[in-house]
Each structure stands twice: as structure tokens, then as C-alpha cells.
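Note sheet for the following structure.
Numbering (the working numbering), first residue to last: 1025 to 1373.
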């Protein structure tokens, strides 16, 4: 069995192993990481050999940590990443290049339609009716998009939102409220089969699915990094955040909103951002939490999106695609029956 795991922001971990009589055997670790002392790699190999082949990532991690010599230094990888690579090998997890990817970047649609398309396209990928897809959102309306489990009245000042020209909608994924002014943000969705994140913890899948955009941002000159659980940030401040939803069909939705030209004062007026939420962000000002991409790159929103798409094509071989008429029809049905209803918006009052 063979498995690989690219540590987000780190190095490639490669494992080869056999399963003999229900245990790991002939385990070999490799990669472009750094490890001191050299012989520690044999300690890791020995720690894995003999483990039950059904061991979860926590058990494998603990065995590796216990086997490392005192003072061992692992640079660019961790015991957890070795465990992830092992679990991915055992479950025959797929890699980005194992799929035929599409990129969809079409005309603007209303906020509720975007949210409905997320549900439809994730389901279609899970059912095998569509291949993995990256979709770039376009907006000609402004909206506040709240997380699936957020309290509407606690998160949004509805009067202020209406006065500022913002619709208020609720998405299917968790996470926090996003102020999404037209022309001021960059939002994309990844629709992937569960095989792509097989063997990863929920937290690891966030980092893994964000890694391509970190590469794109670094190529634009931004020192972008992933900050657990779901933030993309830089030394100049937060850039954006991610959210996920996994459907029963087997599809995984991972969508990200990044600020291009955020009006921090407007955000503070519309969103009820309390001191408790800001206390772990190192600031007491909502306006200082988000650092726009425009100020860090000097490029237009369209130029940044084009650069992102070019990076994604290089990494995955993606080709241009379209949303089908049937997918649009399914989305419009969901808008009428779910996303445009008061019952959905107020599911958590």
C-alpha cells in the first residue's frame, strides 16, 4: 500500500506498507521533510510495524511519539501527518490529480441562488453525477451570510443591514457570519468527493483543502498561512475564512470568503460582533480584523481571481465547465422551498 500527504505549509510525507495477518508490516517512511537525528526514521518505522491495521490516527500518532528519541526534531512534518498518510494509504484515499476537475466562473446570481447551488452541486458530486468542481462566485447584490447554527438576532442588526442595502441569508455550513458586499469579496466553493479527504480528521481536511489557495496567494506576494480551524491570514491580518458541510450523498462542500476591499466600519454597524468573539483575535476592533487583498497586492479583484484560477489549473489540470440547466432548476426549487423561506432564515432565531 502507498500513501501520500502534503502537510499544508509543510513537506510531503510518503508511506509504503503491507498488511499481514491484520497488522502493519514492512512500513517505510519517506519524504522531503527534515528529521534529526537520522536514525529516528528507523524508530518511526519500528513504531508502526506491528500495529493493528485498524488503528486510528490517534493510536498511530501516540505510537510514533512514544518511539521518538529524546530531543528529536521533526521539521515540515509531524507524527500526526505520518498517521494521516498511513490512514490514507489503508483507505485508498484519492489525490487532487486523480480526478477530472472543472472550474466554473459564470454570471452573477442572487445570494440565495449561490447557497442553493452549493447544496445542489455538492450533492451531484457525491452522487457521481458531476466531477469535483471549483466554483467562483460573482455578485451583483450585497448580503450578510450567516452560519447554519448562528442566532439571527444575535449576529445581525437587521435594521442596519437593510439600511446599508444588505440581504440576510443563511447557508448550510457552520461557522460565522460574513459581510459580503458586491465587488468587495472573493468567494469560491469546492465540491469534492469524500475520497479526497479520506483518512483525515475534520480539522486536517480544512487545511488540506485550503492549501491550493495559500499557494496562489503566495504567488501574488502575500505571506498567507492557514490558522486553525478555518482562517486564512497573513502578518498584516486576517484575509478570510472557510466553512464545510458534508452531505449524505458523499459530497463535501468547502467554501471560502476572502476580503478584497472590506469596509470595517460598515461591518461593525451591520454585524453584532461581541467582545467575547474578538477576544481571541488580538484586537478589540472589528475593523482591524480583516485585511483586504487589494491593500496587500495592489491588483484588481479580477486579476486576483485569474491568478487563483491559473494556480488551480496548474495543480489539478482543471478545465472550464458550466452549471447545467438541470442543476440551475434544482437550485431554484431549493430557493423557493428552503433558502427564501422565513422558516430557514429563522431556524435559529
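Where is the CB? At the ideal position from N, CA and C, for every residue including glycine.
Where residue i sits in the DSSP three-state scheme
i            : result
residue 1299 : Here the model assigns residue 1299 a pLDDT of 38, short of 50, so the residue's position is not dependable and the matter cannot be decided.
residue 1361 : helix
residue 1457 : There is simply no residue 1457 to check, as the chain begins at 1025 and stops at 1373 in what is shown.
residue 1097 : strand
residue 1211 : strand
residue 1264 : strand
residue 1231 : helix
residue 1104 : helix
residue 1258 : strand
residue 1147 : helix
residue 1372 : coil
residue 1174 : coil
residue 1286 : coil
residue 1270 : strand
residue 1244 : coil
Length of the line joining the Cα atoms of residue i and residue j
i            : j            : result
residue 1039 : residue 1031 : 13 Å
residue 1286 : residue 1118 : 37 Å
residue 1226 : residue 1278 : 11 Å
residue 1037 : residue 1109 : 7 Å
residue 1352 : residue 1171 : 23 Å
residue 1355 : residue 1088 : 47 Å
residue 1111 : residue 1074 : 15 Å
residue 1199 : residue 1269 : 10 Å
residue 1123 : residue 1156 : 7 Å
residue 1308 : residue 1047 : Summary for residue 1308: the model assigns pLDDT 48, below 50, so the residue's position carries little reliability, and this model does not support an answer.
residue 1084 : residue 1253 : 22 Å
residue 1050 : residue 1041 : 5 Å
residue 1129 : residue 1347 : 9 Å
Contact set for residue i: own chain, Cβ-Cβ below 6 Å, skip 5 residues either direction
i            : result
residue 1241 : 1248
residue 1364 : 1136
residue 1161 : 1138, 1211
residue 1195 : 1139, 1169
residue 1299 : Unreliable positioning characterises residue 1299 in this predicted model, as indicated by a pLDDT of 38, which lies under 50. A coordinate reading is not provided.
residue 1231 : 1032, 1250
residue 1332 : 1240
Within 7 Å, strictly: CB atoms of residue i and residue j
i            : j            : result
residue 1183 : residue 1167 : no
residue 1276 : residue 1218 : yes
residue 1105 : residue 1026 : no
residue 1295 : residue 1187 : no
residue 1091 : residue 1076 : no
Same chain, Cβ closer than 8 Å to residue i, neighbours up to 5 away in sequence not counted
i            : result
residue 1284 : 1207, 1208, 1209, 1210, 1316, 1317, 1318, 1325, 1328
residue 1271 : 1143, 1146, 1147, 1150, 1277
residue 1056 : 1035, 1036, 1100
residue 1256 : 1234, 1237, 1238, 1241, 1248, 1249, 1250, 1262, 1263, 1264, 1265, 1266, 1280, 1282
residue 1127 : 1157, 1158, 1159, 1160, 1333, 1336, 1337, 1342, 1343, 1344, 1345
residue 1097 : 1058, 1059, 1060
Residue i versus the options, residue with shortest Cα-Cα distance
i            : options                : result
residue 1358 : 1142, 1049, 1106       : 1142
residue 1035 : 1045, 1059, 1047, 1025 : 1059
residue 1115 : 1198, 1131, 1222       : 1222
residue 1180 : 1093, 1339, 1291, 1100 : 1291
residue 1158 : 1341, 1164, 1366       : 1341
residue 1102 : 1121, 1126, 1064       : 1064
residue 1094 : 1079, 1084, 1061       : 1061
residue 1028 : 1199, 1274, 1368, 1107 : 1107
residue 1070 : 1077, 1083, 1078, 1053 : 1053
residue 1134 : 1188, 1193, 1213       : 1193
residue 1274 : 1197, 1215, 1097       : 1215
residue 1246 : 1234, 1263, 1254, 1294 : 1263
residue 1197 : 1260, 1213, 1323       : 1213
residue 1203 : 1229, 1320, 1297       : 1297
residue 1121 : 1228, 1086, 1220       : 1220
residue 1185 : 1293, 1082, 1129, 1229 : 1293
Cβ-based neighbour list, residue i, same chain, cut-off 7 Å, excluding 5 preceding and 5 following
i            : result
residue 1370 : 1176
residue 1335 : 1236, 1239, 1240, 1243
residue 1154 : 1145, 1148
residue 1373 : 1175, 1176, 1177
residue 1224 : 1108, 1232
residue 1164 : 1132, 1206
residue 1368 : 1194, 1362
Beta carbon proximity, residue i to chain B, threshold 7 Å
i            : result
residue 1249 : The structure shown has no chain B; it contains just one protein chain.
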